[in-house]
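**Q**
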Amino acid sequence: MTDIRRVDLSIPSAARMYDWLLDGHHNYEADQRACELLLESAPSTKALARNNRWFLERVVRVMAEEHGIRHFIDFGSGLPTQNNVHQIAQAVAPASRVVYIDNDPVVLAHGRSILDENDRTAIISADMGNTPYIFGHPDFTSLIDLRQPVGVLFNSVLHCIADEDRPKDIVGRVVERLEPGSLIVICQLVSDDPQLRHDVTELMRVQTHGTWGRVRERWEVDDFFDGLVIQRPGLVDVTDWRPNSELQQRQRSIEWTEYGGLAEVPPRRQHRSATARNA
1 MTDIRRVDLS
11 IPSAARMYDW
21 LLDGHHNYEA
31 DQRACELLLE
41 SAPSTKALAR
51 NNRWFLERVV
61 RVMAEEHGIR
71 HFIDFGSGLP
81 TQNNVHQIAQ
91 AVAPASRVVY
101 IDNDPVVLAH
111 GRSILDENDR
121 TAIISADMGN
131 TPYIFGHPDF
141 TSLIDLRQPV
151 GVLFNSVLHC
161 IADEDRPKDI
171 VGRVVERLEP
181 GSLIVICQLV
191 SDDPQLRHDV
201 TELMRVQTHG
211 TWGRVRERWE
221 VDDFFDGLVI
231 QRPGLVDVTD
241 WRPNSELQQR
251 QRSIEWTEYG
261 GLAEVPPRRQ
271 HRSATARNA
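Be aware that the sequence shown starts at 1, since it is given in UniProt numbering, and climbs by one per residue.
(1) Leaving out five residues on either side along the sequence, give the residues of the same chain with a beta carbon under 6 angstroms from the beta carbon of S182.
(2) In this structure, what does DSSP give as the bridge partners for R97?
(3) Within its chain, find whatever has a CB closer than 7 angstroms to the CB of residue 280; leave out the 5 residues flanking it on each side and keep chain order.
(4) Could you check the C-alpha separation between P180 and A47 for me, to the nearest Å?
(5) Helix, strand or coil, according to DSSP, for V152 in the structure here?
(6) Using 10 angstroms around the beta-carbon of E40, count the other beta-carbons present and answer buried if the total reaches 16, otherwise exposed.
(7) Could you check whether I134 and L158 sit closer than 9 angstroms to each other, using their CB atoms as the reference points?
(8) Measure from the alpha carbon of F224 to the alpha carbon of each residue in L203, D169 and R252, then state which is nearest.
(9) I'd like to check one pair, A42 with S245: are the Cβ atoms closer than 9 angstroms?
(10) DSSP three-state call for V185: helix, strand or coil?
(11) Are there 16 or more other CB atoms within 10 angstroms of the CB of R16, so buried, or fewer, so exposed?
(12) What is the rounded straight-line gap between the Cα of R232 and the Cα of D8?
(13) Label P267 either buried or exposed according to how many other C-beta atoms from any shown protein chain fall within 10 Å of its C-beta, with 16 as the threshold for buried.
(14) To the nearest angstrom, how far is it from the Cα of I69 to the Cα of G172?
(15) With burial defined as no fewer than 16 other Cβ atoms inside 10 Å of the residue's Cβ, what is the status of W54: buried or exposed?
(16) When you compare only the Cα positions, how much space is there between A49 and T141?
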């Protein structure tokens, strides 16, 4: 197990900042200070984090209940909190299997301490761009059957990938390994305000010592879905993605949003361009 004492806890991480925004307990003083600076630029960021977590719960349930997905891969999974992917999926179908991918040592330590009790889950220490290592890892191959449709989540994580690391290519390499009928969740932070995009991007790069990417525009996230069949209700602020209640819709972030949705891997013979399924 990772020794947290050897981790430089003076450097904030996006995963632990997200945990703090969700009122979690697996974060440290540096993460809290970084969040306070972030809230100065984007005061509604706590609402954004809550909305994203609610979206995760809804979309995993839809994949399990409506599409029969039983194998899930969660890239950049973050710290365990309530209603994790395996808990949501296994509440629908107890045989569901989940592999979490993350490179934050604190995430790995806490995750393994929780997941050790569940033999249908695993957490792998890896950069999400290291596709061959992840898909060849014994914990992955023992749990995930790629001959079946799989649910893949890039939930609130691609903004952590710098442009030079080509986040679209990371998604593409994963999609190439999946059977038709597999489902992909992609959402990331976007803003229409160029100044906010610049300011928050620079703040996060400085605070995390460069382990961050960029706040993007909606059209850039649209491009991540190239070749996939977008499911209803399309690509939206995730607050509006099949909400359970008006209460969830009312608790909006203002300065920026999590934008994205759910898409299906089409048959290989199908023309590979993004198309929207009619609602």
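Heads up, the beta-carbon is just placed ideally off N, CA and C, and yes, glycines get one too.
**A** Checking against the coordinates, here is how it stands:
(1) The residue given as residue 182 occupies position 182 in the sequence shown. Closer than 6 angstroms at the Cβ level, and outside the excluded window around S182, lie P149, V150 and V265.
(2) The count along the sequence shown starts at 1 and reaches residue 97 at position 97. For R97, which the question treats as bridged, DSSP gives the partners H71.
(3) Only positions 1 to 279 of the chain appear in this structure, which leaves residue 280 out of reach.
(4) Mapped onto the sequence shown, residue 180 falls at position 180. Mapped onto the sequence shown, residue 47 falls at position 47. Using only the alpha carbons, I get a separation of about 35 angstroms.
(5) Stepping through the sequence shown from its first residue, residue 152 is reached at position 152. It is a strand residue.
(6) Here residue 40 is taken as the residue at index 40 of the sequence shown, counted from 1. E40 is exposed by the Cβ-count criterion.
(7) Residue mapping note: residue 158 aligns to position 158 of the sequence shown, counting from 1. Residue mapping note: residue 134 aligns to position 134 of the sequence shown, counting from 1. Cβ atoms of L158 and I134: not closer than 9 angstroms.
(8) Here residue 224 refers to the residue found at position 224 when the sequence shown is read from its first residue. Cα-wise, what sits closest to F224 is D169.
(9) One-based indexing of the sequence shown puts residue 245 at position 245. One-based indexing of the sequence shown puts residue 42 at position 42. No, the Cβ-Cβ distance between S245 and A42 is not below 9 angstroms.
(10) On the sequence shown, residue 185 is found 185 positions in, with the first residue counted as 1. V185 falls in the strand class under three-state DSSP.
(11) If you number the sequence shown from 1, residue 16 lands on position 16. The residue is buried, with at least 16 neighbouring Cβ atoms inside 10 Å.
(12) Here residue 232 is taken as the residue at index 232 of the sequence shown, counted from 1. Here residue 8 is taken as the residue at index 8 of the sequence shown, counted from 1. Looking at the two C-alpha atoms, the distance is approximately 43 angstroms.
(13) Looking up residue 267 in the sequence shown gives position 267. When all chains shown are included, P267 counts as exposed.
(14) Walking along the sequence shown from the start, residue 69 turns up at place 69. Walking along the sequence shown from the start, residue 172 turns up at place 172. If I take the Cα positions, the gap works out to 20 angstroms.
(15) If you number the sequence shown from 1, residue 54 lands on position 54. Buried, because 16 or more other Cβ atoms sit within 10 Å of the Cβ of W54.
(16) The residue given as residue 49 occupies position 49 in the sequence shown. The residue given as residue 141 occupies position 141 in the sequence shown. The straight-line gap from Cα to Cα measures roughly 32 angstroms.
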